[in-house]
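Colleague: What follows is a structure written as structure tokens; I'll ask about it next.
There are 2 protein chains.
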Amino acid sequence: MPRKKQVRSEQTKQDILNAAGRLFAAKGYDAVTMREVAKEAGCSHTAIYIYFGDKEALLHELSIPALTELQLQIEEKVSGKLEPEEALRRISLDFIRFCLIHRNMHHIFFEARSIRVDEAEPELEINRVRNGMFRLLMQAVQQCLNLPEGSGRLLSATRIYFYLLHGIVGTYQLSEESAEDLMDRLLLTFREAIEVLLLGFRAQHAPDK
Amino acid sequence: MPRKKQVRSEQTKQDILNAAGRLFAAKGYDAVTMREVAKEAGCSHTAIYIYFGDKEALLHELSIPALTELQLQIEEKVSGKLEPEEALRRISLDFIRFCLIHRNMHHIFFEARSIRVDEAEPELEINRVRNGMFRLLMQAVQQCLNLPEGSGRLLSATRIYFYLLHGIVGTYQLSEESAEDLMDRLLLTFREAIEVLLLGFRAQHAPDK
DNA sequence: CAGATAAAGTAACCATTGGTTATTTAAAAA
DNA sequence: TTTTTAAATAACCAATGGTTACTTTATCTG
Numbered sequence: 008m009p010r011k012k013q014v015r016s017e018q019t020k021q022d023i024l025n026a027a028g029r030l031f032a033a034k035g036y037d038a039v040t041m042r043e044v045a046k047e048a049g050c051s052h053t054a055i056y057i058y059f060g061d062k063e064a065l066l067h068e069l070s071i072p073a074l075t076e077l078q079l080q081i082e083e084k085v086s087g088k089l090e091p092e093e094a095l096r097r098i099s100l101d102f103i104r105f106c107l108i109h110r111n112m113h114h115i116f117f118e119a120r121s122i123r124v125d126e127a128e129p130e131l132e133i134n135r136v137r138n139g140m141f142r143l144l145m146q147a148v149q150q151c152l153n154l155p156e157g158s159g160r161l162l163s164a165t166r167i168y169f170y171l172l173h174g175i176v177g178t179y180q181l182s183e184e185s186a187e188d189l190m191d192r193l194l195l196t197f198r199e200a201i202e203v204l205l206l207g208f209r210a211q212h213a214p215d216k
Numbered sequence: 008m009p010r011k012k013q014v015r016s017e018q019t020k021q022d023i024l025n026a027a028g029r030l031f032a033a034k035g036y037d038a039v040t041m042r043e044v045a046k047e048a049g050c051s052h053t054a055i056y057i058y059f060g061d062k063e064a065l066l067h068e069l070s071i072p073a074l075t076e077l078q079l080q081i082e083e084k085v086s087g088k089l090e091p092e093e094a095l096r097r098i099s100l101d102f103i104r105f106c107l108i109h110r111n112m113h114h115i116f117f118e119a120r121s122i123r124v125d126e127a128e129p130e131l132e133i134n135r136v137r138n139g140m141f142r143l144l145m146q147a148v149q150q151c152l153n154l155p156e157g158s159g160r161l162l163s164a165t166r167i168y169f170y171l172l173h174g175i176v177g178t179y180q181l182s183e184e185s186a187e188d189l190m191d192r193l194l195l196t197f198r199e200a201i202e203v204l205l206l207g208f209r210a211q212h213a214p215d216k
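These protein sequence lines map, in sequence, to chains G and X.
Straight run, no breaks: the first sequence in the numbering used here ends on number 216.
Straight run, no breaks: the second sequence in the numbering used here ends on number 216.
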């Protein structure tokens, strides 16, 4: 079995991923060319095509570890010992922070385009992760509102909750401010937004009259 | 003064706008080439550059009449005789419907990029319209919540309201479904989302204890 | 009617980009 | 030593937005 070759190959792949990660984060996906990534990674651009097929696949592969980590964070809070509303609050902020940090991947998380129907394997890793995450969000909403699982009301409540999160991160997707600055400046607004939604849901399910 | 020349010139410009409108709506901004627009408009692609400068400027100019009409719709409801909450409800649905119909212009309304700082006139028509619209939204929120004008609470409430709208239209930005189908399928959810937010705001300003 | 004017077409061109395809080089494996 | 194989090199392709020089044609004006 080869060993040094394997290692070298793996190293090149990692170099590419690192370079792409840096560049995408710094300049945004669209503004980065494959030749640039190659230069930064210290390899030829053809090597990238050997390992990743095309540009979007590169971004794809790049996004999986980050997404998986987020999923873990959320999982902890869903199955943890927090009271449901507190869990939902924290999950929301985790999600927002994550999306602001990884703004360059925005379209991977939110645009249907990134679901590659032309793929050999229909169960693309990223879709598994994404679906898992949506299920987690729904679970968190369910525990908050005590709605029957699988009910239409739960689905629409989760949708509404998702709209808000989506709108928040979408609003700042192209902002020049760093994720940190945005969180500093707007954390209170984000909190308030979540709180208003929770209040609204509560009022909806326990009408005031 | 020339007359027939002027008319012809105007006609060409209109043909281009019409063609671009059709194509952008059908295939999306990115997927349409300038040569395509020219072909559809029955002119050469250089003519487009004469009239509009570049592709984005074409989309820009195309979006202004539509936006102005939306602004009118909203204005009516803000200054009309509806009770404030009903006005906000209708404005929200107007806004959502408009954004779903004009999905191809999504990035004009929501992406900072479309604010061209490199423009000779800093007061670009579209920015005037857009700012006017935001002021209207804030006014509608203000009349609902009775918050002092110019207060931080009003600003953050409007932001939250905007997040929700932004999230709703963003979620379906790339959907293949027609605006009509989406409205049919999701109108109740949209209404519920607005209702939840209103309930939440109300609960927030009149705490239940 | 004749010449000036301006709208628009034609066609060539440019740079950039994502992507592909030989062919070669060099190091590691057999 | 011979064979693999990772990877570089370099050339190429097609599409795209955008530009420019030159020409045609319809209209306006004297």
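Backbone N, C-alpha and C define an ideal beta-carbon position, used for all residues, glycine too.
In whole angstroms, give me the CA-to-CA distance for LEU171/X and SER51/G.
Modeller: 45 angstroms
Colleague: Assign ASN111/X to one of two classes, buried (16 or more other C-beta atoms within 10 Å of its C-beta) or exposed (fewer than that).
Modeller: With 16 or more other Cβ atoms within 10 Å, it is buried.
Colleague: CYS151/G and LEU95/G - do their beta-carbons sit closer together than 8 angstroms?
Modeller: yes
Colleague: Which residues in the same chain as LEU204/G place their Cβ atom closer than 8 angstroms to its Cβ, once the five residues preceding and following it in sequence are excluded?
Modeller: ILE167, TYR168, LEU171
Colleague: Are LYS84/G and ILE98/G closer than 8 angstroms when you measure CB to CB?
Modeller: yes
Colleague: I'd like the ranges of any alpha helix (DSSP H) spanning at least 4 consecutive residues and lying wholly in the segment 11–77 of chain G.
Modeller: 11–34, 41–48, 52–59
Colleague: Quick one: measure Cβ to Cβ for LEU143/G and GLU82/G, integer angstroms, because I've assumed they're closer than 8 angstroms.
Modeller: 6 angstroms
Colleague: With a threshold of 8 angstroms between beta carbons, is THR40/X in contact with chain G?
Modeller: Chain G, which has no Cβ nearer than 8 angstroms to the Cβ of THR40/X, makes this no.
Colleague: So, at 8 angstroms on beta carbons, what are the nonlocal neighbours of VAL136/G in its own chain, with the 5 sequence-adjacent residues on each side left out?
Modeller: ILE71, LEU74, THR75, GLN78
Colleague: Can you check whether the C-beta of GLU92/G is within less than 8 angstroms of a C-beta belonging to chain X?
Modeller: no
Colleague: Going along chain X in order, which residues have a C-beta closer than 7 angstroms to the C-beta of GLU156/G?
Modeller: At a C-beta separation below 7 angstroms, GLU156/G has no neighbours in chain X, since its nearest C-beta there lies roughly 18 angstroms away.
Colleague: Check whether the segment 179–186 of chain X and the segment 151–163 of chain X are in contact - that is, three or more C-beta pairs closer than 8 angstroms.
Modeller: no
Colleague: Given a cut-off of 8 angstroms, decide if ALA210/X and LEU206/G are closer than it, judged by their beta-carbon atoms.
Modeller: Their beta carbons are under 8 angstroms apart, which means LEU206/G touches ALA210/X by this criterion.
Colleague: Under 7 angstroms between beta-carbons, which chain X residues line up against PHE208/G? List them in chain order, please.
Modeller: VAL203
Colleague: How would you write the range of the alpha helix (DSSP H) that GLY174/X sits in, first residue to last?
Modeller: 159–178
Colleague: Counting C-beta neighbours from all protein chains within 10 Å, is the total for LEU195/G 16 or more, i.e. buried, or is it exposed?
Modeller: Using a 10 angstroms sphere on the CB of LEU195/G, the tally of other CB atoms stays under 16, which defines it as exposed.
Colleague: Quick one, are the C-beta atoms of HIS173/X and GLY177/G less than 8 angstroms apart?
Modeller: Yes, they are a contact pair.
Colleague: Comparing the C-beta of GLU199/X with each C-beta of chain G, is any distance below 8 angstroms?
Modeller: At least one chain G Cβ lies under 8 angstroms of GLU199/X.
Colleague: Quick one: is GLY28/X buried, meaning 16 or more other Cβ sit within 10 Å of its Cβ, or exposed?
Modeller: buried
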